[in-house]
Amino acid sequence: MEGLVSSGINTVRVFGVRKHRSRIFPSSTLHLRNSACEIGIGVVNKHKKKQRFVVAASVGGSKVGHFENTLPSREVLELWRNGDAVCFDVDSTVCLDEGIDELAEFCGAGKAVAEWTARAMGGSVPFEEALAARLSLFNPSLSQLKNFLEQKPPRLSPGIEELVQKLKANDIAVFLISGGFRQMINPVASILGIPQENIFANQLLFGCSGEFLGFDKNEPTSRSGGKALAVQQIKKAHGFKTLTMVGDGATDFEARKPGGADLFVCYAGVQLRESVATKADWLVFNFKDLINSLG
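Per our numbering, the sequence shown starts with residue 99, numbered consecutively.
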């Protein structure tokens, strides 16, 4: 879930990955192509013996950016393969949708919330302020939430179930860290076989009659910098030496700091945020790349 903390983040929907096989490059990093977007591969820096490759993404004919981090370095691969734990963002990473936007749409306030989100994305807004403002636009009741969960089951990103299974088979612990809500993330965790204690997310609060009261502000993910704090707590509690954060947004990248995540993998299979993608240790458009690299 994008944290609304960075200004000028360009976002691009990138559904519809077409796979291309290569003996050299991971599938899906070579080309991303549909009616809306296209990715090409080129060679730069010819003066060096070791060639570097750049992925250029364009949307609707306009170039979005060039990325030199779609092929992981040896050091990045070592951290990924031999790490103790992986923490996943949920919205637009593990799941295809943004939970709060979907809930707002279900409650009849989708447009208003989307417009507020669009305005917030243009400037620096503390996460807790953005969260409170959007919730206040529709104040979901407990009954509305229950109906939503029954009628709108989570849509998982392609490959995430296989990836989580592969990580667990390799004795790598898996956590979910989200600015979304536990009530909506619990079903996702159940599908993936992730225990409740491995979830760090927000909590919607309701009164005795099911009326909306707000959200639990004691959760670390309810405020800016919360994901970084959650990662630090996980490492300290479990004694993990190496931890990877996988996500699509600025709040996910924030977790990549001293004492926090040792590796940040930007997953752009749903949303491509250029300013986040360029900073990532590894940029992937398909979870198959992460699966295949585990051996």
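Glycine is no exception: its CB is placed at the ideal position from the N, C-alpha and C atoms.
The structure presented is a predicted model; accordingly, all values stated were derived computationally and were not measured.
Report the CB separation of residue i from residue j in whole angstroms; it is logged as a contact under 8 angstroms.
i, j, result
"C193", "R232", "Not confirmed; about 18 angstroms, so no contact."
"L177", "L361", "5 angstroms"
"G347", "Q330", "Not really, about 18 angstroms apart at Cβ, beyond 8 angstroms."
"S471", "F385", "Only positions 99 to 393 of the chain appear in the structure, and residue 471 is not among them; the question remains open."
"I389", "G308", "Not confirmed; about 42 angstroms, so no contact."
"A212", "D199", "6 angstroms"
In three-state terms, what does DSSP make of residue i?
i, result
"Q369", "strand"
"D314", "coil"
"G167", "Note on identity: in this sequence residue 167 is Asn, with Gly being the wrong assignment. Coil."
"D199", "helix"
"K189", "Residue identity differs from the one stated: residue 189 is Asp in this sequence, not Lys. Strand at D189."
"N296", "helix"
"L341", "strand"
"E173", "helix"
"A353", "coil"
"F236", "coil"
"F383", "coil"
"L392", "coil"
"V374", "helix"
"L194", "coil"
"A183", "strand"
"G323", "coil"
"V223", "coil"
Can you list, in chain order, the residues of its chain whose CB lies under 6 angstroms from that of residue i, leaving out five sequence neighbours each side?
i, result
"P170", "W380"
"V188", "L274, S276, G278, I283"
"S133", "Here the model assigns S133 a pLDDT of 32, short of 50, so the residue's position is not dependable and the matter cannot be decided."
"L290", "V262"
"G393", "none"
Could you give the distance in angstroms between the alpha-carbon of residue i and the alpha-carbon of residue j?
i, j, result
"E248", "R354", "36 angstroms"
"G345", "C364", "5 angstroms"
"T191", "S255", "7 angstroms"
"K339", "K333", "7 angstroms"
"T349", "C306", "33 angstroms"
"Q294", "L370", "29 angstroms"
"H336", "D269", "14 angstroms"
"A228", "D182", "33 angstroms"
"R179", "L341", "11 angstroms"
Can you name, in chain order, every residue of its own chain whose Cβ lies under 7 angstroms from the Cβ of residue i, other than the five neighbours on each side?
i, result
"F304", "L240, F310, L311"
"W214", "A231, R232, L235"
Identify, in the order they occur along the chain, each residue of the same chain with its Cβ nearer than 8 angstroms to the Cβ of residue i, setting aside the five sequence neighbours on each side.
i, result
"L175", "S391"
"F287", "Note that residue 287 corresponds to Ala in the displayed sequence, not to Phe. Around A287: L274, P293, Q294, N296, I297."
"A378", "N167, F351, F362, V363, C364"
- Along the chain, which unbroken stretches of the alpha helix (DSSP H) at least 4 residues long are found entirely within the region 257–282? With a minimum length of 4 residues, the unbroken runs of alpha helix (DSSP H) contained wholly in the region 257–282 fall at 258–267.
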